[in-house]
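Undergrad: Structure in structure tokens, see below.
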Amino acid sequence: ILNVEQSPQSLHVQEGDSTNFTCSFPSSNFYALHWYRWETAKSPEALFVMTLNGDEKKKGRISATLNTKEGYSYLYIKGSQPEDSATYLCAFAGTASKLTFGTGTRLQVTL
Amino acid sequence: DAGVIQSPRHEVTEMGQEVTLRCKPISGHNSLFWYRQTMMRGLELLIYFNNNVPIDDSGMPEDRFSAKMPNASFSTLKIQPSEPRDSAVYFCASSLGQTTYEQYFGPGTRLTVT
Numbered sequence: 016i017l018n019v020e021q022s023p024q025s026l027h028v029q030e031g032d033s034t035n036f037t038c039s040f041p042s043s044n045f046y047a048l049h050w051y052r053w054e055t056a057k058s059p060e061a062l063f064v065m066t067l068n069g070d071e072k073k074k075g076r077i078s079a080t081l082n083t084k085e086g087y088s089y090l091y092i093k094g095s096q097p098e099d100s101a102t103y104l105c106a107f108a109g110t111a112s113k114l115t116f117g118t119g120t121r122l123q124v125t126l
Numbered sequence: 127d128a129g130v131i132q133s134p135r136h137e138v139t140e141m142g143q144e145v146t147l148r149c150k151p152i153s154g155h156n157s158l159f160w161y162r163q164t165m166m167r168g169l170e171l172l173i174y175f176n177n178n179v180p181i182d183d184s185g186m187p188e189d190r191f192s193a194k195m196p197n198a199s200f201s202t203l204k205i206q207p208s209e210p211r212d213s214a215v216y217f218c219a220s221s222l223g224q225t226t227y228e229q230y231f232g233p234g235t236r237l238t239v240t
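Below, the structure written as structure tokens:
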């Protein structure tokens, strides 16, 4: 069973704060690492797919980094807004066919 | 494009009944995934199709579950007979290829088995 762990489980920040969370995954047999944003009552929405060690991706105020040698990825949100409130999922692929999802970090941004 | 389409959105059925969930992937996507989401286990892959062929069904819980993809634009997940522990949200997702491509999720089917 692959272990994909995310921390913290939940996070509560104020508008304007910058924040980051961690995804840990097996450091062997790396294929890809995905980040998804999942709002309540909706379905997961892709943020990034990263495949190379040292990859850095950015979309607006959200960015992610990848370290495949030590088995972790960070997701950063700069200047959090209430609309950033969601669960952020990472998913690890050790093969071409299967993603294993973490349990997510639940972010709540208040005014 | 309308995105990934799933039906029904909600299904309530009695234990022992057959349940069929349906999915239409995004046109042009050659990979389709069925996931189940529960409080206990989170989001877990049930089965993955590539070019309509099942590639990895190691996540299918038991023989009561079966999935088909008769053509590039349609897939079904069937549970027969259904049990209360099958109650969950079932998502279908599609992508342009294997795990190096982002996956696009449908709205999900919330299944309740009483």
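Going down the list, the protein sequences come from chains D and Y. By our numbering, the letter at position 34 of the first sequence is numbered 49, and the numbering carries on one by one without gaps. By our numbering, the letter at position 43 of the second sequence is numbered 169, and the numbering carries on one by one without gaps. Backbone N, C-alpha and C define an ideal beta-carbon position, used for all residues, glycine too. Bear in mind the structure is a predicted one, so any value in this text is a computation, not a measurement.
1. Mind checking if SER58 of chain D is an interface residue toward chain Y, Cβ cutoff 7 Å exclusive?
2. With 16 other CB atoms within 10 Å as the buried threshold, where does LEU67 of chain D fall?
3. Quick one: list the residues of chain D neighbouring PHE217 of chain Y, beta-carbon separation under 9 Å, in chain order.
4. Sort out for me which residues DSSP pairs VAL130 of chain Y with in a bridge.
5. Could one say the Cβ of GLY129 of chain Y lies closer than 7 Å to chain D's Cβ atoms, at least one of them?
6. Please determine if the stretch 200-211 of chain Y and the stretch 31-45 of chain D are in contact, where contact requires at least 3 C-beta pairs separated by less than 8 Å.
7. Any Cβ of chain A within less than 7 Å of the Cβ of GLN132 of chain Y?
8. I'd like to know if PHE107 of chain D contacts chain Y, where contact means its C-beta is closer than 7 Å to some C-beta of that chain.
9. Helix, strand or coil: how does DSSP classify GLU60 of chain D here?
10. Is SER213 of chain Y closer than 7 Å to VAL97 of chain Y when the C-beta atoms are compared?
11. From ALA198 of chain Y to LYS84 of chain D, what does the alpha carbon distance come to, in whole angstroms?
12. Which residues in chain Y have a C-beta closer than 7 Å to the C-beta of ALA101 of chain D? List them in chain order.
13. Output the distance between the C-alpha atoms of SER157 of chain Y and LYS74 of chain D, rounded to the nearest integer angstrom.
14. Cutting at 8 Å between CB atoms, please list the residues of its own chain near THR125 of chain D, excluding the five before and the five after it.
15. What is the residue span of the beta strand (DSSP E) that LEU126 of chain D lies within?
16. Is the separation between the beta-carbon of TYR51 of chain D and that of THR110 of chain D shorter than 7 Å?
17. Based on Cα-Cα distance, which residue from Y:LEU169, Y:GLN206, Y:PRO207 and Y:GLU188 lies nearest to GLY117 of chain D?
18. In whole angstroms, what is the alpha-carbon distance linking ARG211 of chain Y and GLU188 of chain Y?
19. Starting from PHE175 of chain Y and walking both ways along the beta strand (DSSP E), at which residues does that stretch end?
20. Whose C-alpha, out of Y:PHE217, Y:LEU172 and Y:PHE191, is nearest the C-alpha of GLU209 of chain Y?
TA: Per the coordinate set shown:
1. yes
2. exposed
3. SER58 and PRO59
4. Note: VAL130 of chain Y sits in no beta bridge, so no partner.
5. no
6. Between the stretch 200-211 of chain Y and the stretch 31-45 of chain D there are fewer than three inter-stretch CB-CB distances shorter than 8 Å, so the stretches are not counted as touching.
7. Structure shown: chain A not included; protein chains present are D and Y.
8. no
9. Of the three classes helix, strand and coil, the one that applies to GLU60 of chain D here is strand, per DSSP.
10. This structure cannot speak to residue 97 of chain Y, because chain Y is shown only from 127 to 240.
11. Distance between the alpha carbons of ALA198 of chain Y and LYS84 of chain D: 37 Å.
12. Among the residues of chain Y, none has a CB under 7 Å from the CB of ALA101 of chain D; the nearest is roughly 14 Å distant.
13. Per the coordinates, the alpha-carbon of SER157 of chain Y lies some 25 Å from the alpha-carbon of LYS74 of chain D.
14. HIS27, VAL28, GLN29, GLU30 and PRO97
15. It is not in any beta strand (DSSP E) - LEU126 of chain D carries neither H nor E in the DSSP assignment.
16. Going by beta carbons, TYR51 of chain D and THR110 of chain D fall outside the 7 Å limit.
17. Y:LEU169
18. 12 Å
19. 168-176
20. Answer by Cα proximity: Y:PHE191.
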